[in-house]
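Scroll down for the structure; my scribbles are underneath it.
Chains as they are written, first to last, in the numbering used here: chain A, 3 to 383; chain B, 19 to 241.
Written out as structure tokens, the structure is:
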């Protein structure tokens, strides 16, 4: 502790250099945390969903509809307890950058199939089910746009053309991330009424009596519709979500690569800064050795300086990432719901900061320790 | 009684593959409580002698003893610890750390001791009083005159109450008035505080302030 004023004075020798180096480290670790959080959020989103629910989608592609008539046939499959369906709406609220997920659903059956994954006051649920133009909205989405119960909002259809005015009748909280607070749900019938010859469910949701029945149910359902004009592809809800993650391609590799490249670039900046700082102080190291400072003590003092810059930058950068995303409800325009910097990412970031300190401080610290006092003093004179 | 004893001291090094012998079997003693001026032309080995006594450099052969300690046989770690307790070193160019205040510069040797913050503060205040700079404690070296900087350097050298004070041309960069002040301070340290002082100098006036003058030429005592 008694050496801290000396360390601090050396750090403040070139305030601008220290501030800029610390800011570089902070920015690098902020970017690292942000990029890695894309990967961890994608993975986390791929892991949500229940094993006791199955998704039946078109075998052709997710963008193809399935006949509405499949409803009763699916309910008749052994092991299936309940059936519901939904449709991806993709409307625009105000501006495309205000994107959020919108699902046209069969209200009663959908809320039943997902019972336990959300919380919604009974009176709000009843109002939503009763009113054809009603919708329910996640709490985070309500807060983001500053909406209130009873408010009318208008979506501009992109797949289903025209303006769609909905009345907010309920606000739900997510219990499980599968029922995300970043989404809006409204009546499937509303879309169907406007486009009766075209609109069909985008996918069906099956609730199983027992998760162990999933393989049998999947093969049975797909075999039933195999030779129809609309064959199906059935899998667990978790597998369905995971398939969206794979659609991002090798984004994990890309994000990790960019993140590590940024960190490596900053390592060079920090190392250069420490080397510069040490070179300027050769004579002072000689003076300290003359006074009686030992080699090991000088080594530690230089390492503490490097550590202060790296860890200071880490606290700023990782702290900013942690403070910025989750509290502001950032979700990359709805593509990454639940975006957050995990404890694992913070730990890894601090680990990188420690390595950064070691890598940038080691050579100057060793040089200071090995420096011959007489030669160092001659450096002045 | 001798405080510093040099026995058969040999120091040589090579420059551009040419061997240069600085000392060849030098024998010399410095009495406890003495104030000695070492004079001689450039390259005569004056500064090398100080470095050998302080343990900053090692002899090629022979021994350097300060008090009971044989400096020439200590390891690097032992030397650092020994220097912090027994040697006060003053340079021609002051060599204060520019990022530290006068107070913090003087406190440096005490950071290597087990003294508490309060005890360190008392020692620093005493040293500042001795050199007459109590009102400059919070000034940085750039805010001090050359003479004041050198007095701070002397305060740093004496603050841990070392066995011996070594000075390498302490008045070399000072004007006449400041040089006189520094020399008067050294005389006071010698007479009042019984400090053993060895001072390398080119300046005959500075040498005259010391009790003893020794002349070195090509590593050999000439007077």
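Beta carbons are placed, not taken as given, at the ideal position from N, Cα and C, and that holds for glycine.
Around the CB of residue 54 (chain B), 16 or more other CB atoms lie within 10 Å, so the residue is classed as buried. Separation of the CB atoms of residue 117 (chain B) and residue 12 (chain A) is rounded to 6 Å, and the pair is thereby assigned contact status at 8 Å. Closest by C-alpha distance to residue 112 (chain B), out of A:285, A:194, A:338 and A:40, is A:285. Under the 8 Å criterion on CB atoms, residue 310 (chain A) is classed as non-interfacial with respect to chain B.
In the displayed model, residue 164 (chain A) falls within a strand according to three-state DSSP.
Neighbourhood of residue 301 (chain A) in chain B, by CB distance below 8 Å: empty, with the nearest CB roughly 12 Å away. Using a Cβ-Cβ cut-off of 7 Å, residue 188 (chain B) is close to nothing in chain A; its nearest Cβ partner there is about 14 Å away. According to DSSP, residue pairing for residue 217 (chain B) in a beta bridge involves B:55 and B:185. Within the same chain, and ignoring the five residues on either side of residue 164 (chain B) in sequence, the residues whose Cβ sits closer than 8 Å to its Cβ are 112, 191, 192, 193 and 196.
Residue state for residue 159 (chain A) is assigned as strand, using DSSP reduced to three classes. Under DSSP, the beta-bridge partners assigned to residue 94 (chain A) are A:158. In its chain, beyond the 5 residues on either side, 127, 130, 131 and 178 have a beta carbon closer than 8 Å to the beta carbon of residue 102 (chain B). The count of Cβ pairs closer than 8 Å, one atom from the region 291-308 of chain A and one from the region 368-377 of chain A, reaches three, so the stretches are in contact. According to the DSSP secondary-structure assignment, residue 205 (chain A) is paired through a beta bridge with A:88. Interface criterion met: the Cβ of residue 118 (chain B) is under 8 Å from a Cβ in chain A. Taking a contact to require three or more Cβ pairs closer than 8 Å, the region 152-166 of chain B and the region 132-139 of chain B do not qualify as touching. With fewer than 16 other beta carbons inside 10 angstroms of its own, residue 239 (chain B) counts as exposed. Boundaries around residue 31 (chain B) are those of the beta strand (DSSP E), 20-33, since no alpha helix (DSSP H) includes it. For residue 45 (chain B), the enclosing beta strand (DSSP E) begins and ends at 36-49. The DSSP-derived three-state label of residue 235 (chain A) is strand. Using a Cβ distance threshold of 8 Å, residue 288 (chain A) and residue 98 (chain B) do not count as a contacting pair. Contact check for residue 352 (chain A) and residue 320 (chain A): beta-carbon distance about 7 Å, within the 8 Å limit, so the pair qualifies. Between residue 34 (chain A) and residue 106 (chain A), the C-beta spacing is not below 8 Å. Residues are counted here when their Cβ sits less than 8 Å from a Cβ of chain B; for the region 13-31 of chain A these are 14 and 15, given in chain order. The beta carbon of residue 291 (chain A) lies closer than 6 Å to those of 375 in the same chain, with the five residues before and after it left out. The Cβ neighbour count for residue 141 (chain B), taken over all protein chains shown within 10 Å, is at least 16; the residue is labelled buried.
Assignment of residue 222 (chain A) by DSSP, reduced to helix, strand and coil, places it in the helix class. DSSP places residue 105 (chain B) in the strand class (E or B) of the three-state scheme.
Judged by DSSP in its simplified three-state form, residue 61 (chain B) adopts coil rather than helix or strand.
With a cutoff of 8 Å on beta-carbon distance, residue 355 (chain A) and residue 313 (chain A) are scored as near each other. Under the three-state reduction of DSSP output, residue 112 (chain B) falls in the coil class, being neither helix nor strand. For residue 122 (chain B), the chain A residues whose C-beta falls within less than 8 Å of its own C-beta are 7, 8 and 11, listed in chain order. Here the alpha carbon of residue 81 (chain B) sits roughly 25 Å from the alpha carbon of residue 229 (chain B). Going by DSSP, residue 139 (chain A) is part of the beta strand (DSSP E) stretching over 136-140. Note on residue 330 (chain A): under 16 other CB atoms within 10 angstroms of its CB, so exposed under the neighbour-count rule. Separation of residue 51 (chain B) and residue 62 (chain B) (C-alpha to C-alpha, rounded to the nearest whole angstrom) is 25 Å.
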